[in-house]
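Numbering (the numbering used here), first residue to last: 2 to 977.
Right, one structure below, let's go through it.
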């Protein structure tokens, strides 16, 4: 018999241990050798999830093991705090002097000089590897690779990472739960126990993506939009409520609570986990690319694909290439009229040009100290836009100030500080980071930041405010591209009547102005600035044209409270910025419809109408199909553009309007001073607001609580549902891993250009009335008014496969004009993408896609990989890939291939009419190897492409047909 000493911590939802998967048979085999083994050897989905802790105790006691169960009540991830006698790094455990009952793994006790030179973000990875080291899933060699980061990152060493928790929003959370439910069904078909499919880490799901700005500019907008949200999404929300009961370790934050990243920042984030008196850093992955917002708090976290997150939820450690770290030094201070939004748009421009895809960016320097935590959150939030995995700010005094400001207790904040200081994870006021071994460094003087916007089609295309008018006039006639529209008559205008009053629309007229998105609504200074600007404008008698769709969608209810308490809400409402809902809304394309007269004027005259929003993305067609020019701006500038009614304005030389006395009013006349904004912030941003708001969240809304409560191990699929459908991802799966075949004579479905975003691949917005998805819904009896959005229907594979490449702005070089079209090469017919793909599938023809640089940029959208998989796409050949999307492709069994440097479809003479044969060596792949691609058509040639299956772990996933199939087979085998 073996001697097993084990203490189990369990949270208030259910017991879990996370880490290396080991089946019960493996445990018994080890027990026969009388080994003493570590806690991490018991972290399988079987042992930690499907077997409750009482059953585990019975099992181990029956075999002669000693099982010691400790107190429960902690909701965390990572290795349990009690360290077994054989833990390799037990000697590093120290007590925290100020809280002697608490202990931690001390980096200082390691006594390795290299630690002092590691960037702070890498130190967090090091602590995690040390604490979770078990000799199997995480080895001493992994710890050494991280210690040797300066060199091993250059060598692209692979390491496992075990985040403490997973963060979901409902657009990605619903399909994740659908996949888990489908895996339970597949587990039954393979003879396994469906209850073994469970999240094994703490999972928080915030419902924030479903609400739309159907109603605006009235006091009833909020209630009407929330009522409409519940009516449209009742099936989805009921499914999520089932999931919260059926799956362990899952917390659902109901609709109407706020935006996921702001709720995470203000409430869910711990900074430091405490599990039975063991302290360790908070860390997470999220299924939304803007998960990086949490990096402002010194918490390591980034966005991953939903597919990868599901694997982590099921106990698989993340495999990642040890990243390089760019040190970004900020010096000086920003000037009077600039905001954090102006700063982040500048950083996005600079870093996109620099190239930071796959890298961490860590900020340091005296300029960082001048930035509030909320300013840092704005910068960290847009890491996906500047291409980095993270935009990280190590914890310092500003972090602690924010924690207190948002209602964390004084004792908790003190403990956080003491732990981080003791473990060399805190930046002191006089501490310099210039000696850290960053891969490379860059410096920016904050005093050079000027008021800016970004657009009209990409977030990295920054325009200084003083140049906006000139540039907009130039791009109207410039060739079609990232900025150009190639208009024949840029001065064209259209008259219309709105509520009995005549108006004129022209190119550049603002039709949407929205204060939206966690990027900025998490920042009290810019919101208070917008409110004060509105106050000054109203007092001067200024107003916003009534046809402009204005809205305010705050990221948490705390925003509502401090705007109300400060007396600024009535002034925002006077300009049409009524509260429209708590959620992403306009930022993700849930902007609702424009007025019929406005829409008619735009479409009939082919105007380039404008949207201005305080969001983070402005890809063409994303915000609204009729807003072709989209500019990202700070909240006060959103108000300013709404007042002006157009984007082609020089705010310095031209007035916004005239006051009640006929005097010209310039933007400078109503812009509040930094002192006034700071005074409001000090007076009205109080911790008790956040405490009361988040206490109320736990109770849920009346409409959420009224949803039916039911629980069952397997979900009772309703074949009539058009929201929730059992996906075919596990159809026909067997325990045996199939052999990998070469891709023979594939046809090119699409030949695409640069910067193809996940919005192009899998739109989140409205379902076009003449699309394949619309046809499907109509055959199911769904009226056009109830189509909802693609994002809301991500739980239905039938809709989503038809919505793949359905963006109306998609440019396929094989077809004339823009639109979701493809060429069926054998017949020459041009049809919707879905219809061509279905025809090739019927003919037994595999498909590939050609693309340029930055394929898959934008949101971490798993359906941008799932959709092509269902269409029958086997490979994407592109000049470069965005990080998350590349991983998602592998996770769905699609091989990403990259043209060699200097090569592209154009340089190789490919137009997409050829056939493609790809040699995969029977699946005997190596990470990053060169693959032969043979072409037949107008030309016959063979070229080499770089396999972007980047790690050994990803090779295993690819051979299994994707990560979820791999996990399912693994769980079934362990349970047999």
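Note that the Cβ used here is the ideal one computed from N, Cα and C, for glycine as well.
All values derive from a computational prediction rather than experimental measurement.
By the neighbour-count definition (other C-beta atoms within 10 Å, threshold 16), residue 599 is a buried residue.
Checking the DSSP bridge columns, you'll see residue 580 partnered with 553. Taking all protein chains in view, the Cβ of residue 103 is crowded by 16 or more other Cβ atoms within 10 Å, so the residue is classified as buried. Contact between the segment 150-168 and the segment 851-860 is absent, with fewer than three C-beta pairs closer than 8 Å. The three-state reading of DSSP puts residue 947 in strand, counting E and B together.
Collapsing the DSSP output to three states places residue 207 in a strand.
Going by C-alpha positions, residue 772 is about 51 Å away from residue 151. In its chain, beyond the 5 residues on either side, 343, 346, 347, 463, 464, 465 and 466 have a beta carbon closer than 7 Å to the beta carbon of residue 453. For residue 921, the closest C-alpha among the options 677, 291 and 743 is that of 743. Residue 270 places its beta carbon 8 Å or farther from that of residue 377. At least 8 Å separates the beta-carbon of residue 148 from that of residue 128. Boundaries of the beta strand (DSSP E) harbouring residue 281: 279-282, taken from the DSSP string.
Here residue 287 is bridged, per DSSP, to 168 and 304. Residues 169, 174 and 253 of the same chain have their beta carbon placed closer than 6 Å to that of residue 206, with the five preceding and five following residues left out of the count. In its chain, beyond the 5 residues on either side, 550, 552 and 581 have a beta carbon closer than 6 Å to the beta carbon of residue 217. By DSSP's assignment, residue 161 forms a beta bridge with 320. Going by beta carbons, residue 614 and residue 513 fall inside the 8 Å limit. For residue 353, the CB contacts under 7 Å within the same chain, skipping 5 residues up- and downstream, are 387, 388 and 461 in chain order. The residue from 303, 691 and 401 with its alpha-carbon nearest to that of residue 358 is 303.
For residue 245, the secondary structure class from DSSP, reduced to helix, strand or coil, is helix.
Put simply, the segment 277-291 touches the segment 88-106. At least three CB pairs are less than 8 Å apart.
Scanning 798, 943 and 367 for the CA closest to the CA of residue 431 turns up 367. About 6 Å separates the CB atoms of residue 291 and residue 385; that is less than 8 Å, so the two are in contact. Here residue 365 carries a strand assignment [DSSP, helix/strand/coil]. By the criterion of at least three beta-carbon pairs nearer than 8 Å, the segment 189-198 is not in contact with the segment 232-246. With 16 or more other Cβ atoms inside 10 Å of its own Cβ, residue 497 counts as buried.
Under DSSP, no beta-bridge partner is assigned to residue 415.
The shortest C-alpha to C-alpha distance from residue 847 to any of 873, 566 and 828 is the one to 873. DSSP places residue 798 within a helical segment (H, G or I) once states are collapsed to three. Fewer than three pairs of CB atoms, one per stretch, sit closer than 8 Å, so the segment 222-231 makes no contact with the segment 607-626. In the DSSP assignment, residue 877 forms a beta bridge with 850 and 897. In chain order, 758, 759 and 760 place their CB closer than 6 Å to the CB of residue 859, counting only its own chain and leaving out the 5 sequence neighbours on each side.
Only residues of its own chain outside the window of five on either side were considered, and among them 564 have a CB closer than 6 Å to the CB of residue 570, listed in chain order.
In the DSSP secondary-structure assignment, residue 973 is not bridged to any residue. By DSSP's assignment, residue 104 forms a beta bridge with 96 and 279. The DSSP assignment places 597-606 as complete runs of the alpha helix (DSSP H) inside the segment 588-626, in order along the chain (cut-off: 4 residues).
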